[in-house]
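>
Protein chains: 2
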Amino acid sequence: MKYNEAKDKFIQAWGTLGSNWGISRSMAQVHALLLISPDSLSAEEIMEDLKISRGNANMNIRDLIDWGLVFKEQIPGERKEFFYAEKDIWKVAKQIIKERRKREIEPVLGLLEDLKKVEGNKTDKKHKAFIDTVTNLEAVVDKADFALTRAIKLDENALVGVLFKLFK
Amino acid sequence: MKYNEAKDKFIQAWGTLGSNWGISRSMAQVHALLLISPDSLSAEEIMEDLKISRGNANMNIRDLIDWGLVFKEQIPGERKEFFYAEKDIWKVAKQIIKERRKREIEPVLGLLEDLKKVEGNKTDKKHKAFIDTVTNLEAVVDKADFALTRAIKLDENALVGVLFKLFK
DNA sequence: AATAACTTTCAATTTATTTTGAAAGTTTAA
DNA sequence: TTAAACTTTCAAAATAAATTGAAAGTTATT
């Protein structure tokens, strides 16, 4: 396999994976491109490489910056901005977990807490089933949250050490 | 908050969460409805409750069955099929992890393994960066896979016990 | 074997999401 | 302060995904 073929496959696969997980194809592809670029790239280079429009490139670069996965850089003597991605995949994973936790888990926990307060008589089968499901769900989400907030405080080696001890 | 309001909020929130994670809104809503239903429901009841078409209800119920989250039941004296969801959320979580692992992690690991075989000279900066990223990514995905396959073998209490010990 | 009860399929439609590109906005340099 | 270089915005267009509903398919009942 030639480099260019491998590169295209990687970018394509990352895009597909992203869209399976609720991340837009282009955003994942911009990320993939930056992950394998040894040097920072300008918006221009990104749009040419991925054959996407200026607006699209700009929007997705900004989103990646919001996610804390990509950074801006000024190159001496250049007017335009250059962008590079965090290359340490464990840091990338931690950052994604951190963001998704904030964007998804926290609001869900809040909602579940509210939903438990539903009025009604406790002898009603539907009411009871509702409370049971919500309570059980909250317990599991809480535990996942606990595990994740702690896991992202570890470095990769510490996590692996811990995993081996755990599941020996 | 009245039961019906809480129920609607729950179904709506589950649908939104699902679509953020690459699961179709309707599929997540059918799942939510079944999660809080004390009794099995027919396709008819599901379509009426969620105001979706017969085809949509059928398709999503089948998908949920494929995911191992929903089961069919025959009720004596009834021609039609009734459906119910696994209510134990820890089992639900394990099942979702198991399926996504099979559908997403396995193919990605295969691809990464292939991509490492890219031809080219090792002194080329781009080539080297590509190999580095792919190798690092594979290592992290491998560890995640390791952690997940073991986590889903535990029951909820065992997992929690282990987590507390780990992150004390 | 005919019919009724129910399930599945899928082309057409609708809805939601993504992308474009040109205009407006901003910053830097001369 | 002007103009060029660059970035951002956003309405319109394109694309992708989900949904419908009616017809075809299946299974059970009489």
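Going down the list, the sequences are from chains H and C.
According to this note's numbering, the first sequence is numbered sequentially starting from 1.
According to this note's numbering, the second sequence is numbered sequentially starting from 169.
All residues carry an ideal CB built from backbone N, CA and C; glycine is no exception.
Assign Val118(H) to one of three DSSP states: helix, strand, or coil.
Coil, per DSSP.
> Relative to the alpha-carbon of Arg269(C), which residue among Asp207(C), Glu173(C) and Ala315(C) has its alpha-carbon at the smallest distance?
Nearest C-alpha to Arg269(C): Ala315(C).
> Under 8 Å between the Cβ atoms of Phe10(H) and Ile36(H)?
Yes, Cβ-Cβ distance for Phe10(H) and Ile36(H) is below 8 Å.
> Can the beta-carbon of Lys116(H) be found closer than 8 Å to that of Thr135(H)?
It is a contact, given that the beta carbons lie within the stated cut-off.
> Does the separation of the CB atoms of Ala171(H) and His31(H) fall below 8 Å?
Given a span of 1 to 168 for chain H in the structure shown, any question on residue 171(H) remains unanswerable.
> Provide the residue span of the alpha helix (DSSP H) that contains Lys102(H), from first to last.
Premise fails: Lys102(H) is in no alpha helix (DSSP H) and is neither H nor E.
> Between which two residues does the beta strand (DSSP E) carrying Glu81(H) extend?
Start and end: Glu81 to Ala85.
> Just verifying my parser: in three-state terms, what is the DSSP assignment at Ser19(H)?
Note: Ser19(H) maps to helix in three-state DSSP.
> So if I threshold CB-CB distances at 7 Å, which residues from the stretch 194 to 219 of chain C count as touching chain H?
So the list reads Leu203, Ile204, Ser205 and Pro206, given in the order they occur along the chain.
> In terms of residue numbering, what span does the beta strand (DSSP E) encompassing Lys240(C) cover?
From DSSP, the beta strand (DSSP E) with Lys240(C) extends over Val238 to Gln242.
> Below 8 Å between beta carbons: does that hold for Ile75(H) and Phe82(H)?
It is a contact, given that the beta carbons lie within the stated cut-off.
> Please list, in chain order, the chain C residues whose beta carbon lies closer than 8 Å to that of Ser19(H).
Within 8 Å Cβ-Cβ: Gly190.
> Just how far apart, CA to CA, sit Ala307(C) and Lys248(C)?
If I take the Cα positions, the gap works out to 49 Å.
> Could you name the residues of the same chain whose beta carbon sits closer than 7 Å to that of Gln29(H), not counting the 5 residues immediately before and after it, in chain order?
Once the five neighbours on either side are set aside, the close Cβ partners of Gln29(H) are Ile11, Trp14, Gly15 and Leu50.
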